[in-house]
Every structure is written in structure tokens, then in C-alpha cells.
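Student:
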Amino acid sequence: MEIVLACAIGVLTACGVWLLLRPRTYQVIMGLSLLGYGVNLFIFSMGRLALDSEPVLAPGVPTDLAHYTDPMPQALVLTAIVIGFAMTALFLVVLLAQRGFFGNDHVDGREDAE
Amino acid sequence: MNATFADVMMQMFRQHLAVLPVLLPSLTAVFMLLIGDRADALPRLRRIALVSVALGLMFALKLALEADSGALRVYRVGDWPAPFGIVLVVDRLSAMMLVLTQAVALPVLWYAAGGWDTRGRHFHALFQFQLMGLNGAFVTGDLFNLFVFFEVLLIASYVLLIHGQGRERFRVGLQYVAINLAASALFLIGVSLIYANAGTLNMADLAQRVPLVEGDAAVVLKAAALLLLVVFGVKAALLPLHLWLPATYAAASAPVAALFAIMTKVGVYSIVRVHAVIFGADAGGSALVAGPWLLPLGLATGLLAVCGVLSARSLPRLVAWLTVASVGTVLAGVGLFSPAGLSAALYYMVHSTLVVAALFLLAELLAAQRGDAADRIEPGPPLAQPALLGLLMLLAAASAAGLPPLPGFIGKLMVLQASSGIASQPWVWAVVLTVGFLTLLGLARAGSVLFWSERPELAGSGTPAGASPRMLAAPVALLGAGVLMSVLAGPLTRYTDAAAAQLADRRSYVQAVLGVEGVITTRPYGFPAPDGEGRP
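Protein chains in written order, with my numbering: chain A, 1 to 114; chain B, 1 to 536.
1. With a cut-off of 8 angstroms, do at least 3 Cβ pairs link the stretch 470-489 of chain B to the stretch 35-53 of chain B?
2. In angstroms, rounded to a whole number, what distance separates the CA positions of B:A571 and B:L131?
3. Could you name the residues that DSSP lists as bridge partners for A:H106?
4. For B:N202, list the residues DSSP reports as bridge partners.
5. Strictly by DSSP, which residues pair up with B:Y75?
6. Residues of chain B with CB closer than 8 angstroms to the CB of A:L20, please, in chain order.
7. Residues of chain A with CB closer than 9 angstroms to the CB of B:Y158, please, in chain order.
8. Give the DSSP bridge partners of B:G466, in chain order.
9. May I ask you to report which of helix, strand or coil DSSP gives B:E168?
10. Roughly how many angstroms separate the alpha carbons of B:P296 and B:S286, rounded to a whole number?
11. Quick check on DSSP: helix, strand or coil for B:E66?
12. For the stretch 65-93 of chain B, enumerate the residues whose C-beta is nearer than 7 angstroms to any C-beta of chain A, in chain order.
13. Looking at the structure shown, is A:A50 part of a helix, part of a strand, or coil, going by DSSP?
14. For a contact meaning CB atoms closer than 8 angstroms, what does B:R167 contact in chain A?
15. Which of the three DSSP states, helix, strand or coil, is assigned to B:R370?
16. Excluding five sequence neighbours on each side, which residues of the same chain lie with their C-beta closer than 6 angstroms to the C-beta of B:G335?
17. Report yes or no: do the stretch 475-489 of chain B and the stretch 327-346 of chain B share at least 3 C-beta pairs separated by less than 8 angstroms?
18. Under 9 angstroms, Cβ to Cβ, is there at least one residue of chain B near A:I43?
19. Run through DSSP, which three-state label would B:R121 get?
20. If B:L63 and B:L17 are in contact, beta carbons under 8 angstroms, what's the gap, nearest whole angstrom?
21. Please list, in chain order, the residues of the stretch 132-149 of chain B that have any C-beta partner in chain A closer than 7 angstroms.
22. Can you give me the start and stop residues for the alpha helix (DSSP H) that B:P405 sits inside?
23. Under a three-way DSSP split, which group does B:R38 fall into?
24. I'd like to confirm the pairing. Which residues does DSSP put opposite B:S314 in its beta bridges?
25. What's the gap between the Cα of B:G518 and the Cα of A:H67?
26. Do you know offhand how far A:I83's Cα is from A:A89's?
27. Under 9 angstroms, Cβ to Cβ, is there at least one residue of chain B near A:L5?
28. Note down, in chain order, every chain B residue with its Cβ under 7 angstroms from the Cβ of A:G36.
29. In angstroms with no decimal places, state the Cα-to-Cα distance between B:L100 and B:S314.
30. On a Cα-Cα basis, can you pick out the residue from B:G490, B:V324 and B:A312 that is closest to B:A444?
31. How would you write the range of the alpha helix (DSSP H) that B:P255 sits in, first residue to last?
32. With a threshold of 8 angstroms, establish whether the CB of B:L42 neighbours any heavy atom of the ligand GDP.
33. To which residues of the same chain is B:L361 closer than 6 angstroms at the C-beta, ignoring the five residues directly before and after it?
34. In this structure, does DSSP put B:E214 in helix, strand or coil?
35. Secondary structure at B:L228, three-state DSSP: helix, strand or coil?
36. When the Cα atoms are used, what is the spatial distance from B:A384 to B:V483?
What follows is the structure, given as C-alpha cells:
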């Protein structure tokens, strides 16, 4: 379980960083999205992985983290997802406006910059 | 009946004062969005915005006066007990930053109401959202909440940056957004690593928990702290993360750039909170994790920035480099990791923010009178108001370079004094004095070209009328506040000294926020592996 999650985070982050460093705005926004997914999974996993346990208190179960999964990172990741979504939408608008101004999708607005 | 109502209102005001700097701009902004931004609504929007910011300044001053007594104002949002709920904490440092934010925002807004706010949509609402993010970042007592307020101020700043449109603004805007989104991703990684190893994100709880973390966990914790240093370094424009700043600030419209002068200070503030307090000298195995980095990088930032000042070809870019130079000096002061250094850094930070904001506004007023030469540092047509603008520019330049008796001099002197007796003293002295001299040189070069090298054959291509007293009021107010800092240097340095001492006093901070000292509130990951136990 841990190894699968770790690989997923690693691959997402690696792809994200590589795309982020590419010169086309479309690649940059895909890179930022992938990086965001990687980071969200990372936050989630920082609450330790617990199988078959839930973050909500159940009657009759001792109230310690041996019997529950940590709810904190789940709350954090929810916030991070919402903010990441808003940022992606905003970046998309800037990206489209920039394309309108320059007629190409290079991050510097120059076609021959590569 | 009326008296009791007034009493209840006063009591509510006193009780909720800490959250008002956040609530006021956010409610104002929502109200403005409801009004809409049709052209006929603009006078009303301007009045609301100015009243709201002036009220915010009053709240901030009240908080600062209260904080000056040494009391910590702790506000538990929703009355959830710390560290489970979100707390807002106003201490001397927070109150000072609130006053600074509002004191910069008020003249800048006044200036923007002179015409800039007509060149794009929803300027006033965005301005208020930006203030909400700034104030929130300064009052929050929780690392994750700090991230949220960072995002609030950033998302408003993205739109403010491209306010006024234009190719250059969109070009740098795209890069600005991309850099800050990448920094936000790093912020989240750092914060979640801290949570995983310390079990909390409440700053007071962290202050008592971080020294207890040992072994492998401490190594990861230190890595997380350094990740956060990278993030805050991006915001503060610390070398080598400053690359985005000069082009961005130079491209932004004048009032936006002036407001952004405070944005780099959010990064500095966060470094103070996280690296000088939570990971400060008393943090056990993780103590002073930023120690080897902050001072050298701060000094290098200052040196590089004055090279930028010397080589700038336009006035806004020169002022943007001055912003970076001031951040270098401030972070060098913080990097001394002593109360004296911190106090010096705080004093210098307030002054440099005021001066840089004034310079951004002056640069535009100057450019408007120079016809086609605009803001480029090259001979242009004679100015309409050479004496007035020249004197204001001289005052700002002398203060930025650190000539006595202006506050820039006092701030730099305090940094030099704070560094005396430590191993890196020669470096600090050499760099701070060199930076001051080269700043003076760069500004003298720009000033002599702008004011003395006229090309009379171009006369008439500039604005003949000159800047109206109304527009001039904003930079004059900012510079006046700077001069006031010199006059009130005694009380102000006592305040910053006390603020630095308060930051060093972790016990009182923990006690104020968490109630009883030393209670280990949550320790989620100290339990045996849940294998085999499962649920009943």
C-alpha cells in the first residue's frame, strides 16, 4: 500500500515538475495540475495510512488514533483541493488572455525562444 | 435601552477586535461586488473603500496600542479550544504589521482613486480582498491558516497585477502566477511534513513541540523548515529566488506596485515567525535551522540588488530593485537571530516599505510629465514641477540610501550595532555600508539624468499641468510617515525592542494561546502499530 502510494506521488510530482519547466503554457498548466495532485496525495498520506478505519468517532470505540484514521490531513487536503482548483481556473484565464495578446502559447510570448 | 445597546456593541467590538482586520475588508469587498462596478457606482465605491481602509487603520492602531502593554490578544475562532480550532494571535509584531499594511494601503488607495481604478474591473473589491489576505496572514496563529491567507492575498494580487491590461503585464503575470503556484505546492509539502512529525500546526503548540522532536523525525522536520524557507524566500525575494520580482513590480500599475511593497514583507514576517521563533534558538535539536542560510543570503541579496539599481534603465525597475535591496538588509538583520537584530530588522522593514511605496507612486507622477521619455532614465523634456518632484525624490532617495537623520539611517545603524561582536560582523558592516553607498550612487545617477539633463527641444510633449495636489498627497503622506518614523524613533525602537523580546519569550506565548503551559495536547503518532487490533 505504502509503496503504491509513494510511487504514485513520485510519478505525479516528477511529471508535474518536468511539464512545469516546459516552454508552452498548456504544458505549464498541466504540470501545475499534476503537481497539485501529487501534493494533495502527499498531504493525505501524512496522516499515516490506516486501513478500514474512519475519521469520525463511533460509539463504543476508544477515542485514540489507533482506532481511527487521522481526520486532520483530510481536512487540510480538502482545503488544498479547493484552493488548487481556484488557482487552476485563474491560471487558465491568464493563459488564454496571454495567448490572445501574443498569438502563441510560449511562456515568454516569443515564438522563436526555444 | 439605547445605552445598553451601545454597551453590547462596545463589548462585542472589544471581544472581536482581533478578527476585525480580516472581517472588515472581506465584508467590504463582498458588499462592493453586490454594488457592482458600473461607471456610475464608482464614486460610491471609492468612498466605501476609503472609509473601510481608514476604519481598518483605526482598528490596527487600537490593537497596536493594546499590544504595546505586552498583552497577547488571543481570538479563538468559533471558540474551539486551541490547538484544535483556529486561533488568531495579535502580539506586538502582528499589530505592527497590521498598522503598516493599513498605513500603506490608505494613501495608495487615495492615489488609485485618482484614476487608476477606472482602467479595469473590480479594482476596489480586489484591493479589499488583498488587504484581507495580508491582514489575515499577520494575525493568524496557525501554519495552515497562514497558507490559506497566503493564497487569498495571492489570488487577489494575480488580478491586481494585470489591472490596466497590456502585453507586458500579461507576460509577467503568467510567470508570476506560475512561480507562486509552484511555491504554494512547496508550502503544502512543508506544512504537511511538519504536521506528520510534530503532530500540530498551531504555532504555539509547535513552539513547545518542536524542541521535543528527536532522531529521524527531527531530520525530516528540519527539511520541512528549510522547504518553508524556500517558499517564504520566494515571497520575500531572497536571493536566488528574487528573479520574478523586478520585472513583475516594474510592469504593475503604480498603485498596485506600491501596495505590493508590503507583499515581500509577508515573506519576511513568515520567516520571523517560523524560522526565528518556532525554529529559533530554543528549538532543541531543530534550533536555528535557517541560521547558516539567512544571513549570507540576505547580504548577497542586498549586493545583487544594488547592482540592479545601478543598471536599471527605467525608474519603476530601479524602485523594484530597491525593494529587493531593502529585503536583503531586513533579512540580514533577522539572520543575526538576536533580539537586537530582529528589532533593527523590524524598524528598517517598516521604513523601507513606506519609502518604496512612495517611490513607486512618484515614479509614475514623474513619468507623466516626461512625454515620450516616460519612465526611462534618459534625458527628456523639462518637467512641469521640477522643484517639487525633485525634492520629494531627494527625500525618498536619501532615506532609501540611509542618510542621517532619516529613518533609513537609523535602521541601518541598528543593524550594524546588532551585528557588533559576532563573527560575521565585518561582513555585515562591509555589505550594509556598500549597499547604502551604491544605492545612493544609483539614485543620484537616476536623479541627475531625470531632473538635470533636459532636452528643451522636446518641451511641450509632457503634461503641462503637472501633478495635482490630490495625486501628490499620496506619496507625500507616505514620505511624511517615513519622516515621522525619525521623529518618533525613540518610542518606535522601544516598541520594536519589546516586540523582539516578546518573540523570544516562547513560554508566555504558549501560555497565552494554550492556557496551561506544558500540557501535551495531542500526540497522534506515538501509538503502536494498529496491526491486528482493528476495530471491535
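Every residue gets a Cβ at the ideal spot worked out from N, C-alpha and C, and that includes glycine.
Tutor: Taking the definition as stated:
1. no
2. Outside the shown range of chain B (1 to 536) lies residue 571 of chain B, about which nothing can therefore be said.
3. A:R24
4. B:D142
5. B:L88
6. A178 and A182
7. M87, L90, F91 and V94
8. None, per the DSSP bridge assignment.
9. helix
10. 20 angstroms
11. helix
12. none
13. coil
14. F101, F102 and G109
15. coil
16. L294, L295 and G298
17. no
18. yes
19. coil
20. 6 angstroms
21. F144 and V148
22. B:P405 -> no alpha helix (DSSP H), and no H or E assigned at all.
23. coil
24. B:R376
25. Note that B:G518 has pLDDT 48, beneath the 50 cutoff, so the model's placement of it is unreliable and no number is given.
26. 10 angstroms
27. no
28. A185
29. 27 angstroms
30. B:A312
31. A254 to F260
32. As presented, the structure is devoid of all ligands, the ligand GDP included, so that no description of it is given.
33. Y111, A254, A258, A474 and P475
34. coil
35. helix
36. 26 angstroms
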